[in-house]
Every structure is written in C-alpha cells, then in structure tokens.
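*Asks:* Next up is a structure, given as structure tokens.
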Amino acid sequence: MDNLTIIASGSIIMCGLTTAIGVIAPALGEGRAVVAALTSLAQQPDASATITRTLFVGLAMIESLAIYCFVISMILLFANPFWGHFLAKAGG
Amino acid sequence: MHLGPDNVIFCQYEFLKLNSTIATTWALMLALTAGSLLITRRLSTDLKISRWQNLIEIIVNSVRTQIQEIGLTEPRKYLGFLGTLFLFIALSNLCTVLPFYEPPTGSLSTTAALAISVFIAVPVYGIAEAGVGGYLKSYLEPTFLMLPFNIIAELTRTLALAVRLFGNIMSGTMIVAILLSVTPLIFPILMTLLGLLTGMVQAYIFSVLATVYVAAATRAQQDQ
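Same order as they appear, the protein sequences are chains A and B.
Everything in the first sequence is counted per my numbering, starting at 915 for the first residue and increasing by one.
Everything in the second sequence is counted per my numbering, starting at 118 for the first residue and increasing by one.
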C-alpha cells in the first residue's frame, strides 16, 4: 500500500473507532448522573428547579466529552492535515 | 459536504473573505443592537408598559438573578459582558428555525473568539477586584505546587469552551444534513427541534461557565 491508502484507511477506521469507543464513558456517566438526579428528585421534590438546572448543566458538560470525540472524527474525515500533506507531495 | 459556515464565501478581495459566518454575525449584531436601541428609546415606569419592554425586563432580570445565584454579589458590573454572551449565542442558535440560515456558532472561529474574550475578561475582572498581586496570588492556591496546573487549566478550559459550543452546534446541523439525504420527510424537523433545545442549553452553559470562571477569579479575594 502506498502512503495515501494507509492514511485514508487509517483515518476512516479510526474515525469510527473514536466515536464508538469515546461515547462509552460519557454514556455511563450520563446514566449515573440521571440516576442520581432522579433519586434526589424523589426524595426532595421541592428542590426540583435547582436539581433540574444543575442536571442539565452537568449533562451538557458530560456530553461535551462525547462531542470532543465526534469533532476529532470529523477532523479525521474532512480536515485531515496528513491527508493534505501527502496529497500535495504525491501531486507535486 | 462542507464543515460549517466558514466555507460559504460570498465575495473575496485578495486575502479578505466575506464568508457566511461573518455576514451572519454582523446581521445578528445589527439585530440585537437595533432591537435594544428601539426598545430602550421609550422606557416607561408606568403600571402599563409595552410588551417589548416587558420582554427585555424579563431577560435582564433573569440574567441578573442567575449571576447573583452563582456568587457574584454585584451583578451590575458583569451583566454587560455575560448577558451579551448569552444573548448572542442564544439568538444565533435560535435563528436555526429560519430557512437557509447557518448558525455562526457552528464555526470554530466564532466560538474561539467568544472563548478568547472570556479568557481575557477573567483576569481583567479579577485584577479590577483585587489588584494585580491579589489576582496572581490566586494561581498559588491551594499551594504553590499547583501553579503549573492552574495555568494549564486556564488554557484548557478556554479550549474546552470553544470546542464544546462548536461541536454541539456543528453536530446538530450535520445530523440534519445527513438525515435530509436519508429520511427527508419528518426526522430532520425533529432533529432541528432537538438542536434548538441543545442550542439554548449550550448558550446557558457557556454563559454559566463564564460566570463561574469570573466568580472564581473574584471570589478568592473576597474571602481573604
């Protein structure tokens, strides 16, 4: 295989793996956060406004971990720096 | 497929490009400024107020109470900066309901600019509250061993602010674009709806995090 093929296949495979593996931990984390929030909601329904607000902020912060993985996959697919470098080298 | 509104270029003069991000940002800034000017031109203290004044009072009041709840006791000083951040991001994410609109927050350059303004504003507020020495001392807490980690945290949280907003909005628009080519009937609308919710939550989170950072920089001195 020449360089371009190695880079292309590596980027495509790793792009899928990045999102697939990277989403596992945030998914577990979000599940735990929701469980904790529901438990405390059941115990103290009066504090629901605060709990919900904090839950949303926390969820979005956990979710941004998964989003980082997604961004890296997108960079690998659409804005791969190595791809452009070797393409220029092969072309010129 | 293009990544975000940066690649939609309207006109180009040598190295200066007018892309969709800049044009939309200007339009939003114009809308926000002109709207607030028009509304605040005739404020009244009567019992009966116009509905636009009512709207703006609700927004300003809730932003103030949020800032106060996070721990800044004088929200007036910070209302301008933090409120503007929230309003700009919220409006730019809300306008996704308009056809042919691409949110400027879906471009890394916009979110990086917003994050850098937070990065600069935090020491400015910290120094204004406690002077240069007092602010620099907050890097030595709890012990001086934490100095490099505090500096790294300052940089990485700026990066995280930028990438979080960019990633959320960009993924929203990209999912809609992918769904349009797979199941174009109903699902894109549902995902746009979800994108509106995420957009509002992200606007809230961005401004809350900025408030927390400002509060952390100014609170360290108030305790002493």
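All residues carry an ideal CB built from backbone N, CA and C; glycine is no exception.
Quick caveat: nothing in here was measured; it's all calculated off a predicted structure.
1) Give a yes or no on whether 7 Å exceeds the smallest Cβ distance from A/Phe996 to chain B.
2) For the region 975 to 993 of chain A, enumerate the residues whose C-beta is nearer than 8 Å to any C-beta of chain B, in chain order.
3) On the DSSP bridge assignment, give the partners of B/Gln170 in chain order.
4) Round the Cβ separation of B/Val177 and B/Gly197 to the nearest angstrom and send it over; I've been treating them as touching at under 8 Å.
5) Checking 7 Å against the spacing of the C-beta atoms, do B/Thr228 and B/Ala279 come in under that value?
6) Please report the residue range of the alpha helix (DSSP H) in which A/Gln957 lies.
7) Does any C-beta atom of chain A lie closer than 7 Å to the C-beta of B/Gly284?
8) Under 7 Å between C-beta atoms, does A/Val948 make it to chain B?
9) Which chain A residues sit within Cβ distance under 9 Å of B/Val214?
10) Quick check on DSSP: helix, strand or coil for A/Ile926?
11) At what residues does the alpha helix (DSSP H) containing A/Lys894 begin and finish?
12) With 7 Å as the threshold, decide whether the Cβ of B/Ile322 is near any Cβ in chain A.
13) Give the range of the alpha helix (DSSP H) segment to which B/Asn267 is assigned.
14) Buried or exposed for B/Val180, going by 16 or more other Cβ atoms inside 10 Å?
15) Rank A/Gly924, A/Ala1002, A/Ile920 and A/Arg967 by C-alpha distance to the C-alpha of A/Ala947 and give the top, closest one.
16) Drop a sphere of 10 angstroms on the beta-carbon of B/Cys128, count the other beta-carbons inside from all chains shown, and report buried for 16 or more, exposed for fewer.
17) Could you tell me which whole alpha helix (DSSP H) segments of length 4 or greater appear in the region 178 to 221 of chain B?
18) So, helix, strand or coil for B/Gln341, using DSSP?
19) Bridge partners for B/Tyr130 per DSSP, in chain order?
20) Is there a Cβ of chain A sitting closer than 7 Å to that of B/Val180, yes or no?
21) When you compare the CB of A/Val971 with every CB in chain B, is at least one pair closer than 7 Å?
*Replies:* On the basis of the coordinates in this document:
1) No, A/Phe996 lies away from the interface with chain B (no Cβ there is under 7 Å from its Cβ).
2) Met975, Glu977, Ser978, Ile981, Tyr982, Phe984, Val985, Met988, Phe992 and Ala993
3) The partner list for B/Gln170 (beta bridge, DSSP) is empty, contrary to what the question assumes.
4) Going by Cβ atoms, the distance from B/Val177 to B/Gly197 rounds to 11 Å, so no, they are not a contact pair.
5) yes
6) Ile938 to Gln957
7) yes
8) no
9) Under the 9 Å cutoff, chain A gives no residues; its nearest Cβ is about 21 Å from B/Val214.
10) helix
11) The structure shown does not extend to residue 894 of chain A, since chain A spans only 915 to 1006, so no value can be given for it.
12) yes
13) Leu264 to Val299
14) buried
15) A/Arg967
16) exposed
17) 192 to 211
18) Since pLDDT at B/Gln341 reaches only 48, below the 50 mark, its modelled position is unreliable, and the value read off the structure follows with that caveat. B/Gln341 falls in the coil class under three-state DSSP.
19) B/Leu133, per the DSSP bridge assignment.
20) no
21) yes
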